[in-house]
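Just below is one structure, and these are the notes that go with it.
Number of protein chains: 2
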Amino acid sequence: MKKNISRALLALTIAGAGVLSAVQPTVALAAVPAQQKTQVPGYYRMQLGGFEVTALYDGYVNIDNKLLKGINGKDAKVLLDKMFLDSTNGVQTAVNAYLINTGTNLVLVDSGAAKCFGPTLGGIQNNIRAAGYTPEQIDTVLLTHLHADHSCGINEQGKMVFPNAVVYASKADADYWLSPEIAAKAPEEAKGLFQMAQDSVAPYQAANHFKVYSPGDTLIAGVEVVPTPGHTPGHASYLFSAKGQELLIWGDIVHSHSIQFAQPEIAMEFDTDSKRAIETRKKLFADVAKKKLWIGGAHLPFPGLGHVAIDGKGYRWVPVEYSPVMVAAGK
Amino acid sequence: MKKNISRALLALTIAGAGVLSAVQPTVALAAVPAQQKTQVPGYYRMQLGGFEVTALYDGYVNIDNKLLKGINGKDAKVLLDKMFLDSTNGVQTAVNAYLINTGTNLVLVDSGAAKCFGPTLGGIQNNIRAAGYTPEQIDTVLLTHLHADHSCGINEQGKMVFPNAVVYASKADADYWLSPEIAAKAPEEAKGLFQMAQDSVAPYQAANHFKVYSPGDTLIAGVEVVPTPGHTPGHASYLFSAKGQELLIWGDIVHSHSIQFAQPEIAMEFDTDSKRAIETRKKLFADVAKKKLWIGGAHLPFPGLGHVAIDGKGYRWVPVEYSPVMVAAGK
């Protein structure tokens with residue numbers, strides 16, 4: 001209080017020079033408060049028909065341009081400059097997950113990296129709580145694929161983070177990433193990825209909470225599996241439909257929004273099958289642009305919700321605009 | 332607790348069908364929690380050199396396309412469709428303000444509409460608190476102009492919301508909006524705007540906390556006034572500079588990002604002088620695109636921070652990407 005009083009007195013003294021007088025350099029009224037340096041919580045909510053969609057921020061990784069295949073550094077920089085992105089230490093790339101309350105199920109799509117990829121990631125649990133839910137309330141976890149930045153978040157020190165959830169993965173991805181035989185034959189630098197996938201799901205397997213699905217299987221009401229293979233053998237997207245509104249959560253269809261929307265033929269080093277990943281990306285871009293689907297992308301700028309628009313020979317990303325939650329709103 | 336136990340038991344029963352078995356339709360484990368329907372708080376923070384910038388969301392207004400001058404409804408719809416925006420009930424348009432902690436001053440640029448324009452606006456005070464500050468800590472308020480959605484937020488029931496702040500407006504705007512003579516001659520439907528401007532600043536005038544500046548005046552360290560007239564006679568932008576990084580908070584240079592970046596020659600009904608507003612917009616777009624300045628815009632999609640890029644014959648808006656606060660980061 002003392003501080004405020006002295007600030008007020010000072011303000012009067014300074015302002016005493018008078019209205020409409022020439023402005024004099026302002027003296028600080030008091031020591032300003034410390035910079036807060038905190039960021040707004042990493043969740044963003046929107047209504048999709050009767051479904052409530054909450055985007056969750058896990059954190060970020062810096063991706064080196066050299067991991068992009070089919071483009072040289074100079075051409076990459078031109079596209080990055082167009083988006084005013086600095087790539088000196090790699091391009092800051094978000095890791096997102098999505099929580100959908102369908103009214104019947106509370107569904108988490110992907111789960112972030114937890115501690116698997118260092119300290120800039122692992123925010124999903126905190127952001128689930130910031131968004132008003134608890135991990136125990138989630139009944140369904142849908143994994144787009146079994147890479148560590150999508151699956152590690154379901155596991156904490158060997159225990160289930162979502163003890164009341166059934167975790168789903170595609171059979172093609174489970175057959176690959178959970179196979180001890182394939183892992184044994186993998187290059188040394190890739191062995192860690194297999195181990196992290198196996199560790200992630202282990203407590204759910206032990207509790208019979210892990211389920212593998214095949215193409216055409218129905219998982220839960222309001223969600224359709226859309227196979228989008230290439231990045232991994234069983235990479236899958238999930239189409240949520242509610243009252244005529246549709247959201248496709250597409251996992252890792254795009255790793256670099258500044259480059260791959262303009263040039264869908266650019267691939268990512270981590271693709272299991274780059275050629276197939278490119279085919280899938282091109283087909284999906286054309287399809288979702290035509291259908292004007294809402295998209296949720298794991299590595300698009302948080303919240304990663306928006307639309308894909310045709311732009312010349314390529315495409316462009318149109319992010320959602322921040323808005324209050326419009327419960328009765330249309331598209 | 333009871334609920335969680337029954338959920339867990341149910342989960343075991345369902346999952347008991349076995350790992351790797353064909354997926355069966357999942358039964359909801361229990362009644363899901365209610366949809367939260369709350370939105371993340373309306374603030375967003377970024378570091379600009381040694382300055383801390385916090386964007387603040389006041390709310391939104393729906394702007395009818397008919398208020399845009401120089402474009403017909405059909406052409407407007409083409410541009411709105413490109414951004415996947417619905418204009419059935421007008422286009423949802425954000426109202427933003429900015430709080431800058433320079434280390435020497437805590438500066439608010441614009442203050443939102445408070446209760447002047449209805450219940451979808453008036454969030455600035457709450458969002459200042461959500462961002463970790465209090466209105467009493469603010470020592471400087473810079474108004475880009477004296478329209479009600481920028482100035483009403485400084486006043487609550489006739490009292491100063493920022494009792495320890497000096498409020499600054501340009502002389503040209505004060506001479507216009509605070510003139511009883513000009514107000515008396517204004518068309519009936521515009522009289523309210525004059526009244527709201529006068530009411531907003533009245534308690535600051537009474538306390539000698541209101542200052543009017545002229546072109547070339549220095550206000551506080553780290554900020555330069557950039558006259559950007561047209562929308563109002565003394566419309567001003569504020570250029571914040573810190574350690575070689577620059578942010579121009581440009582007020583109402585743009586009301587419709589989907590239309591005016593592509594076609595800067597489209598004006599807004601509320602412009603005092605449309606012709607001059609268009610000249611200012613064209614000149615500023617060219618300038619900030621060339622200089623790659625950070626922009627803060629009062630009616631750009633929240634947080635309204637980003638850059639202007641050249642795009643064919645027009646321009647395009649490139650919004651900032653959500654990121655943790657990078658205290659030591661570069662641009």
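Protein sequence lines, in the order shown, are assigned to chains A and B. For the record, in the first sequence the residue sitting at position 268 is 268 according to the working numbering, with numbers rising by one throughout. If you count the second sequence from 1, you need to add 331 to reach the working numbering. Even for Gly, the Cβ is constructed at its ideal location relative to N, Cα and C.
8 Å contact criterion, which residue i and residue j should meet: CB distance rounded
i	j	result
Val167 of chain A	Val201 of chain A	6 Å
Ser589 of chain B	Met414 of chain B	4 Å
Ala524 of chain B	Ala479 of chain B	Checking the sequence, you will find Leu at residue 524 of chain B rather than Ala. Yes, Leu524 of chain B and Ala479 of chain B are in contact; Cβ-Cβ is about 6 Å, under 8 Å.
Pro33 of chain A	Leu437 of chain B	6 Å
Leu248 of chain A	Ile295 of chain A	6 Å
Tyr44 of chain A	Pro319 of chain A	That belief does not hold up - the Cβ atoms of Tyr44 of chain A and Pro319 of chain A are roughly 10 Å apart, past 8 Å.
Gln36 of chain A	Gly463 of chain B	4 Å
Leu379 of chain B	Ala573 of chain B	5 Å
Gln423 of chain B	Ser323 of chain A	6 Å
Leu146 of chain A	Ala197 of chain A	4 Å
Ser87 of chain A	Lys74 of chain A	No, Ser87 of chain A and Lys74 of chain A are not in contact; Cβ-Cβ is about 12 Å, not under 8 Å.
Cβ-based burial, residue i [other Cβ within 10 Å; buried from 16]
i	result
Arg392 of chain A	With chain A running from 1 to 331 in the structure shown, residue 392 of chain A is simply not present.
Lys313 of chain A	exposed
Val658 of chain B	exposed
Thr54 of chain A	buried
Phe157 of chain A	Position check: residue 157 of chain A holds Gln in this sequence, whereas Phe was assumed. That one is exposed.
Ile513 of chain B	exposed
Ala496 of chain B	buried
Pro180 of chain A	exposed
Asp602 of chain B	buried
Ala184 of chain A	exposed
Ser111 of chain A	buried
Lys542 of chain B	buried
Ala629 of chain B	buried
Pro534 of chain B	buried
Gly582 of chain B	buried
Asn89 of chain A	exposed
Asn155 of chain A	buried
Thr665 of chain B	For residue 665 of chain B there is no data in the structure shown, the boundaries of chain B being 332 and 662.
Ser214 of chain A	exposed
Thr38 of chain A	exposed
Neighbourhood of residue i by C-beta distance below 7 Å, restricted to the same chain and skipping five residues each side
i	result
Trp317 of chain A	His257, Phe261, Leu300, Gly306, Val308
Lys292 of chain A	His307
Gly59 of chain A	Val95, Thr120, Leu121, Gly122, Gly123
Pro372 of chain B	Asn458, Ala461
Proximal chain A residues relative to residue i, where beta-carbon distance stays under 8 Å
i	result
Arg376 of chain B	Gln36, Lys37, Thr38, Gln39, Val40
Ser531 of chain B	Those do not exist, as Ser531 of chain B stays about 14 Å from chain A at its closest Cβ, beyond 8 Å.
Tyr507 of chain B	Per Cβ cutoff of 8 Å: no residues; Tyr507 of chain B is ~14 Å from chain A at best.
Listed by chain order, chain B residues near residue i by CB distance under 8 Å
i	result
Glu265 of chain A	Residues of chain B passing the Cβ test: none, with the nearest at roughly 22 Å.
Gly103 of chain A	Val363, Gln366
Lys292 of chain A	Phe415
Gly132 of chain A	Gln367, Thr369
Cut-off 8 Å between Cβ atoms - residues of its own chain near residue i, not counting five sequence neighbours on either side
i	result
Arg344 of chain A	Nothing can be reported for residue 344 of chain A, as the shown portion of chain A is limited to 1 through 331.
Lys191 of chain A	Ala183
Tyr315 of chain A	Phe261, Ala262, Pro264, Phe285, Ala289, Val308, Ala309
Ser605 of chain B	Lys400, Gly561, Ala598, Met599
Ile220 of chain A	Thr102, Thr104, Asn105, Val107, Thr140
Lys490 of chain B	Pro534
Pro564 of chain B	Ala503, Asp504, Asp506, Tyr507, Thr603, Asp604
Neighbouring residues, chain A, relative to residue i (Cβ below 9 Å)
i	result
Pro518 of chain B	In chain order: nothing, as chain A lies at least about 27 Å away.
Leu410 of chain B	Within chain A, no residue comes near Leu410 of chain B; the closest Cβ sits about 12 Å away, beyond 9 Å.
Neighbouring residues, chain A, relative to residue i (Cβ below 7 Å)
i	result
Met491 of chain B	Within chain A, no residue comes near Met491 of chain B; the closest Cβ sits about 10 Å away, beyond 7 Å.
Tyr569 of chain B	By Cβ distance, chain A contributes nothing, its closest Cβ being about 14 Å from Tyr569 of chain B, past 7 Å.
Gln526 of chain B	Under the 7 Å cutoff, chain A gives no residues; its nearest Cβ is about 19 Å from Gln526 of chain B.
Ala640 of chain B	Lys82
Gly557 of chain B	A small correction: the amino acid at residue 557 of chain B is Val; Gly does not occupy that position in the sequence shown. Chain A residues near Val557 of chain B: none, gap ~16 Å exceeds 7 Å.
Contacts around residue i, its chain only, beta-carbon distance under 6 Å, and the 5 residues preceding and following it disregarded
i	result
Ile266 of chain A	Leu68, Gly70, Ile71, Ile259, Gln260
Gln468 of chain B	Leu437
Met586 of chain B	Per the sequence shown, the amino acid found at residue 586 of chain B is His instead of Met. The answer, listed in chain order, is Met599, His630.
Asn432 of chain B	Glu383
Gly153 of chain A	Ser111, Gly112, Ala114, Ile124
Glu321 of chain A	none
Chain B contact residues for residue i, given Cβ-Cβ distances below 9 Å
i	result
Gln125 of chain A	Under the 9 Å cutoff, chain B gives no residues; its nearest Cβ is about 16 Å from Gln125 of chain A.
Interface residues of chain B facing residue i [CB-CB closer than 7 Å]
i	result
Asp110 of chain A	The premise fails here: Asp110 of chain A is roughly 17 Å from chain B at the closest Cβ pair, so nothing lies under 7 Å.
Pro324 of chain A	Gln370
Pro319 of chain A	Pro650
Complete alpha helix (DSSP H) runs within the stretch 53-99 of chain A (minimum length 4 residues, chain order)
73-82
Enumerate, from N- to C-terminal direction, the unbroken beta strand (DSSP E) stretches of 3 or more residues contained entirely within the stretch 105-186 of chain A.
106-109, 140-142, 166-170
At 4 residues or longer, what runs of the alpha helix (DSSP H) sit wholly inside the stretch 204-289 of chain A?
257-260
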